[in-house]
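As structure tokens, the structure follows; a few thoughts come after it.
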Amino acid sequence: MADSRRSFLRTAAGVSSVAALAGGRNAGATITPAQLPKVRFGQAEVTRLIIGSNPLYGYTHFNPSYDGFLREYMTQDRRMELLHRAEAAGIGTWQLHYMRQSIEDFKRYRGEGGKMNWFLLGDFEMTTDFTLIGKTAADLKPIGIAHHGNRTDDRFRAGEMNKVREFCKAVRDTGVMVGVSTHNPAVVDYIESSGWDIDYYMTCLYRVTRTKEEAREAFGEAPMGEIYMEKDPERMTKMVRQTKRPCLAFKLLAAGRSARPRDVEAAFRFAYANIKPGDAAIVGMCGRFKDEVTENVNLAMRYGVPAVS
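For the sequence shown, the working numbering begins at 143 and goes up steadily by one.
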């Protein structure tokens, strides 16, 4: 197929060395990382392609069976292999959410010499026990800590954004960057108009936290399962461009629903063309069925270099 990823993987910068990773990080190949575009994020420099964490821990946003499959397949050893492969391929930044397993993984990754910098998504007990914010920031030194998007959207719907703001204030006290994750452009608009003291957003390109009632009100009916509407990326990236704060766009591929090569390429092209030059994109990777690290790195190389005006 002329528009498949294979048509440009052979010619994209760094592809031969990155492709050598397919045999695993211990395959004996000499690896030259691709020079992925980078942006400044506070005092840090992050690659415009960030590896996410949902597939690593079996959060597929499809169904419980696929969740269970990935949780069985993605052992800690396989997670480590994927992270080291991503780093060797040129990805310099990792985003993970707070839970015991992910923190243990981060410590092992660092112990094995992993050097990617990282963003933390505050979740579970961290959203209520703020002492964990300070301890994690001091011990593990993330670039920033963001309030989890599902929790943000729930609290926005309930009129409880004061709880999100309290979380942000606790993060500010640690000295790391302060973020808010959301799937709803209205949340970004609310925070911007309310003058919150935060540094960045994590912005989902699909408003998957719509309730069935909200979907019926907006569209006249509700689909089965999570809600992915084709114009959602346009709605969110419009808001991304309106804020001066940097944004980390995520779910570019609609949690794997954009799966055909031409659709994946189109999703990367759209995302990088419609977020700001100083923004970055988070993409979850698995590698069970194909070499997603290589493909995603080369898509970011092709479309993630900001245009020079």
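C-beta: ideal position from N, C-alpha, C; glycine also.
Burial state of residue i (16 or more Cβ within 10 Å)
i, result
"Pro365", "exposed"
"Lys393", "buried"
"Leu163", "Low confidence applies to Leu163: its pLDDT is 41, below 50, so where it sits in the model is not reliable, and the reading given next is rough at best. Leu163 comes out buried."
"Tyr370", "buried"
"Ser146", "Bear in mind that a pLDDT of 40 at Ser146, under 50, signals an unreliable position, so the model cannot answer this."
"Glu229", "buried"
"Ser323", "buried"
"Arg167", "Low confidence applies here, because Arg167 scores a pLDDT of 42, under 50, leaving its location unreliable; read the following figure in that light. When all chains shown are included, Arg167 counts as buried."
"Phe431", "exposed"
"Arg293", "buried"
"Asn304", "exposed"
"Tyr343", "buried"
"Asp315", "exposed"
"Arg297", "buried"
"Gly446", "buried"
"Ala396", "buried"
"Thr345", "buried"
"Thr353", "exposed"
"Ala279", "buried"
"Lys281", "The question names Lys, but residue 281 in the sequence shown is Asp. Its Cβ having fewer than 16 others within 10 Å, Asp281 is exposed."
Residue i (DSSP reduced to helix, strand or coil)
i, result
"Ala422", "strand"
"His226", "helix"
"Ala391", "strand"
"Ala415", "helix"
"Ser336", "helix"
"Leu263", "strand"
"Thr269", "helix"
"Lys373", "coil"
"Thr235", "strand"
"Ile245", "helix"
"Ala442", "helix"
"Ala279", "helix"
"Lys257", "coil"
"Lys386", "coil"
"Gly367", "coil"
"Ala396", "coil"
"Lys380", "helix"
"Gly291", "helix"
"Leu163", "Note that Leu163 has pLDDT 41, beneath the 50 cutoff, so the model's placement of it is unreliable and the number below is only indicative. Three-state result, Leu163: helix."
Member of the options whose CA lies at the smallest distance from the CA of residue i
i, options, result
"Glu334", "Thr385, Gly398, Phe261", "Thr385"
"Ile233", "Asp339, Gly429, Lys257, Arg399", "Lys257"
"Met378", "Val350, Glu355, Pro403, Glu359", "Val350"
"His290", "Thr353, Asp265, Leu198", "Asp265"
"Ala186", "Trp236, Ile245, Gly429, Arg250", "Trp236"
"Asp247", "Ser195, Phe204, Ile287, Thr202", "Ser195"
"Ser400", "Leu262, Phe204, Pro175", "Phe204"
"Ile245", "Ala409, Ala231, Gln218", "Gln218"
"Asp374", "Pro197, Asn326, Arg307, Val318", "Asn326"
"Val320", "Val329, Val306, Tyr332", "Val306"
"Leu262", "Gly253, Gly255, Leu274", "Leu274"
"Ile340", "Cys428, Val382, Val318, Ala442", "Val318"
"Gly255", "Thr278, Arg227, Ala312", "Arg227"
"Ala423", "Glu434, Gly429, Asn438, Asp433", "Asn438"
"Val313", "Ala300, Gly276, Pro179", "Gly276"
"Glu368", "Lys249, Tyr348, Glu376", "Tyr348"
"Leu390", "Gly429, Lys180, Tyr201", "Lys180"
"Arg444", "Pro388, Arg411, Asp295, Phe309", "Arg411"
"Glu372", "Glu355, Ala409, Leu198, Val382", "Ala409"
"Asp295", "Gln177, Asn259, Pro388, Tyr332", "Tyr332"
heavy atom of the ligand ATP below 7 Å from residue i C-beta
i, result
"Gly291", "For the ligand ATP, the structure offers nothing, since it holds no ligand at all."
Chain B contact for residue i (CB, 8 Å cutoff)
i, result
"Pro206", "Reference to chain B is not applicable here, since this structure consists of a single protein chain."
Is the stretch 239-251 close to the stretch 177-193, with three or more CB pairs under 8 Å? no
Specify whether the stretch 216-227 and the stretch 262-273 touch according to this definition: at least 3 beta carbon pairs, one from each stretch, less than 8 Å apart. no
Decide yes or no for the touch test of the stretch 198-214 against the stretch 413-421: beta carbon pairs closer than 8 Å, at least 3 of them. No: fewer than three Cβ pairs fall under 8 Å.
Going along the chain, which unbroken runs of the alpha helix (DSSP H) with 4 or more residues stay wholly within the stretch 182-218? 206-215
Would you be able to state if there are at least three C-beta pairs under 8 Å between the stretch 401-410 and the stretch 350-362? no
With a floor of 3 residues, list each beta strand (DSSP E) that falls wholly inside the stretch 297-365, ordered by position along the chain. 319-324, 342-346
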